[in-house]
Amino acid sequence: MSESPSRRRGQHRDPVGAVFGAVWAVGNAAVIALLGVIVHNDFDTARLGTHPAANSAPDSTYA
């Protein structure tokens, strides 16, 4: 069996680097997903143009 030219016989895999790479990739995916959820909630088409006070119950102070 011949090994690929990029890996020599004395070289071993770097498990710490692979774990850090996986954590980095999962962290980036989580941040992108969270930002997507935030943007989706902020720009929800059903709520665009409405004010939060218009959706609340009237204040009984001025009755």
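So the number in the numbering used here is just where the residue sits in the sequence shown, counting from 1, plus 58. Cβ atoms here follow ideal geometry from the backbone N, Cα and C, with glycine treated the same way.
Quiz item: In this structure, does DSSP put Asp-102 in helix, strand or coil?
Solution: Three-state result, Asp-102: coil.
Self-check item: Backbone CA spacing between Arg-71 and Ile-90 [nearest angstrom]
Solution: The alpha-carbon atoms of Arg-71 and Ile-90 are separated by roughly 29 angstroms.
Quiz item: Taking the alpha-carbon positions, what's the Leu-92 to Phe-78 distance?
Solution: Computed Cα separation, rounded: 21 angstroms.
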